[in-house]
Amino acid sequence: MAEQSQPAAISAAFPAPPPFYKTHLPPPELRNLIPPPPPPNGQYRSFGTIHDINPTPLDDTTLTPTPARLKSLTHDLLLTFLSLTHTLATNPGAYPPVWEHLQDTFQDVHKVLNAYRPHQARETLILMMEDQVMKIKGETEAVRESVGRAREVVEELGKGDEGVEKNGKIGGMENGDEKGRRVKERREKRVWEVLEREVGRL
């Protein structure tokens with residue numbers, strides 16, 4: 006009885022739920038953990054279509070990934086589709102050969118597109134690396150500009166200290182504490198002027 010119901014379940018429009026849920030039932034049985042053997046006839050049915058477990062690979066020599074080849078397959082696909090619609094309208098019983106040719110053409114198109122994958126991956130990697138190089142160059146240039154501005158600030162502060170020392174020597178008649186306080190005030194004022202100017206650039 007179970008053998009008679011099995012073909013009906015296999016040829017159903019929608020497959021039954023997968024049996025792997027049995028492996029989670031207590032206690033787990035070893036026979037449920039062993040994957041099923043491949044079909045003895047080398048074919049299986051999925052969604053009403055029969056497939057081979059070892060499909061015949063397409064010939065790579067006839068599917069050179071070129072734009073002309075892809076355009077030719079696209080035209081062939083369109084013409085085959087028009088032929089299929091004409092056959093279905095005039096003689097519906099003669100559609101299987103045209104339908105098989107349409108499927109083969111679709112497979113050829115997918116094969117050509119997949120042949121472009123290495124080239125696409127290489128070009129994508131090149132673009133990513135170029136983008137990283139541009140970012141690194143921009144960051145390096147920004148660091149160089151910051152270093153240049155820092156040097157200018159240090160040089161200006163050094164010039165300001167020289168001017169403060171000269172002014173302090175000219176006013177040497179003042180006592181030491183007063184002169185030191187004035188020198189410190191001038192130096193701090195100079196530092197704040199330079200910092201305000203640099204902050205205004207940001």
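Going by our numbering, the sequence shown opens with residue 6, and the numbers climb by one from there. Here a beta-carbon is modelled for each residue, glycine too, at the ideal position from N, C-alpha and C.
By the DSSP assignment, the alpha helix (DSSP H) with residue i in it spans what residues?
i       : result
Thr-92  : 72 to 95
Pro-102 : 100 to 120
Would you list the residues sitting across from residue i in a DSSP beta bridge?
i      : result
Gln-48 : Asp-57
Put residue i into one of helix, strand or coil per three-state DSSP.
i      : result
Pro-22 : coil
Ile-39 : coil
Suppose the cutoff is 7 Å on Cβ atoms and the five residues either side in sequence are ignored; what does the same chain contact list for residue i look like?
i       : result
Val-117 : Leu-68, Pro-70, Arg-74, Leu-75 and Leu-78
Ser-88  : Val-103
Using a Cβ-Cβ cut-off of 8 Å (strictly less than) and excluding sequence neighbours within five positions of residue i, which residues of its own chain qualify?
i      : result
Phe-52 : Ala-18, Phe-19 and Pro-20
Ile-58 : Pro-43, Pro-44, Gly-47, Gln-48 and Tyr-49
Please return the same chain residues whose Cβ sits closer than 6 Å to the Cβ of residue i, not counting the five positions on each side in sequence.
i       : result
Val-114 : Leu-78
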